Each structure stands twice: as structure tokens, then as C-alpha cells.
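This report concerns only the one structure given below.
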Amino acid sequence: RNGTTWIAEEHGVSILSNDNAPAFNALIAKMKVGDRLEILPLRYKTASVIVINKSITVTAKSNRNQTTGAIIECASDGVVFSSPWVKWSGISLIGQYTTTVLNPSAKVFGSVGMRHEYSASGTSSGVIVEDCFVTYFDTNVVESQEAGQAWAGAYREYYNVFLRYGRINLAM
187 RNGTTWIAEE HGVSILSNDN APAFNALIAK MKVGDRLEIL PLRYKTASVI VINKSITVTA
247 KSNRNQTTGA IIECASDGVV FSSPWVKWSG ISLIGQYTTT VLNPSAKVFG SVGMRHEYSA
307 SGTSSGVIVE DCFVTYFDTN VVESQEAGQA WAGAYREYYN VFLRYGRINL AM
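Residues 187 to 358 (the working numbering) make up the sequence shown, in order.
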């Protein structure tokens, strides 16, 4: 494993906060490609979106090599993957429904748990998501591309990922 391991709770992430997204985003901004972000297997809250814009691993800190998992309760969208070669492991997302009238063909998804952004540059290609659930969002997972951009075979892997109770579970 290359890179530095960062512990989220040592950089402003707290179970007492109602919006940990700014702390997560500030920490991700400090990280370098190949680094690892670990969070304790507890329950956290966000009121804004977490943006992963570089190739890092984000995981729940394991206990004796067994990840018990962390949960992030999201008052808005959950996480946006806007970089290739990201790994998200053991961190589940719980959302909230909105009153938005959903229209996937017009790219109106309401609250989104995980959004994979894809562009001609290959953004969000090679993302691995494992050992988590995404639940109670208007749209649990969105695989989106830029307007007019043809889908060009973005590479993603999902292992033990459960999409439940979304008004739409997967939108492409």
C-alpha cells in the first residue's frame, strides 16, 4: 500500500457534528493520489456533499482486520466520485427523500447517495465500491456523463453493495 494513511477524526470529522462534509472535503484536499482515508466505524452526519476528486482509498478503520463499517447520515446528497481509481469500502450512506419530481431522462434525480461523474477524460473510471449499503435517497446511485458525451465503457466494480429503498436505485 502506497501513500499516507489519514485518520478522519484527527482532522475535524466528529460524531458530534451535524455536517462533516466540509471537514471531509478539506481533508481530501490535503491528501495526495494513493493516500488512504480511514474513519472510525461509527455514525456520522453530513448536510452537504462529500466530493472525492482524487485517486484515494476511503475506508472504515478496521478492528483486527475486520471492518465493522461506518454510516454517514446525509441530509442532502452523499458522495460524488469525480476522479478515477477511487476505492470506497465499508462506509454506508443513509439519505432522505425529497419532494422532487424525478425525471432521469432530464437528469433530475432528487437526493443522490453516490454519483459517479463520467466525462471524455475518464473521470470516475476505475471506482471500486464494496461492503456497504446505500439507502433512502431519491436515487441511490447515479452513473452520469456530461451532456452529449457517449458512454465510453467506464470501469466500476461493486462488491457486497446493497441499494435499498431508493425511489430509484440505479440511474444511468
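Idealized CB from N, CA, C, for every residue including glycine.
Since the structure is predicted, the reported quantities are computational estimates derived from the model, not experimental observations.
Distance, W274 Cα to Y344 Cα: Y344 and W274: Cα-Cα distance of roughly 10 Å.
Supposed close pair M300, V287 - CB separation, criterion 8 Å: In this structure, M300 and V287 do not form a Cβ contact; the two beta carbons are roughly 21 Å apart against a cut-off of 8 Å.
A338, DSSP secondary structure in three states: Here the model assigns A338 a pLDDT of 48, short of 50, so the residue's position is not dependable, and the following value carries that caveat. When secondary structure is reduced to three states using DSSP, A338 falls in the coil class, being assigned neither helix nor strand.
CB-CB length for S241 against V219, believed under 8 Å: The distance from the Cβ of S241 to that of V219 is about 5 Å, consistent with a contact at the 8 Å cut-off.
Rounded C-alpha distance that separates R229 from I257: Inter-residue distance for R229 and I257 is about 5 Å (C-alpha atoms, whole angstroms).
N-terminal and C-terminal residue of the beta strand (DSSP E) that L226 is part of: For L226, there is no enclosing beta strand (DSSP E), since its DSSP letter is neither H nor E.
Residue interval of the beta strand (DSSP E) (run including L279): From DSSP, the beta strand (DSSP E) with L279 extends over I277 to I280.
Span of the beta strand (DSSP E) around I214: Segment A207 to K216 is the alpha helix (DSSP H) holding I214; no beta strand (DSSP E) there.
Exposed unless 16 or more other CB atoms sit within 10 angstroms - verdict on A338: Because the pLDDT at A338 is just 48, under 50, the model does not fix this residue reliably, and the value given afterwards should be weighed accordingly. With fewer than 16 other Cβ atoms within 10 Å, it is exposed.
Residues that S330 bridges to, as DSSP identifies them: Answer is E303, bridged to S330.
Residue nearest to T190 in terms of C-alpha spacing, selected from E224, V294, V347 and Y351: Closest option to T190, Cα to Cα, is E224.
For N355, the first and last residue of its enclosing beta strand (DSSP E): I354 to A357 is the span of the beta strand (DSSP E), which, as asked, contains N355.
Separation of F295 from T265, as counted between CA atoms: Here residue 265 is Val; the residue named in the question, Thr, does not match the sequence. Going from the Cα of V265 to the Cα of F295 covers about 14 Å.
I236 beta carbon less than 8 Å from that of A207: With contacts defined as CB atoms closer than 8 Å, A207 and I236 qualify as a contacting pair.
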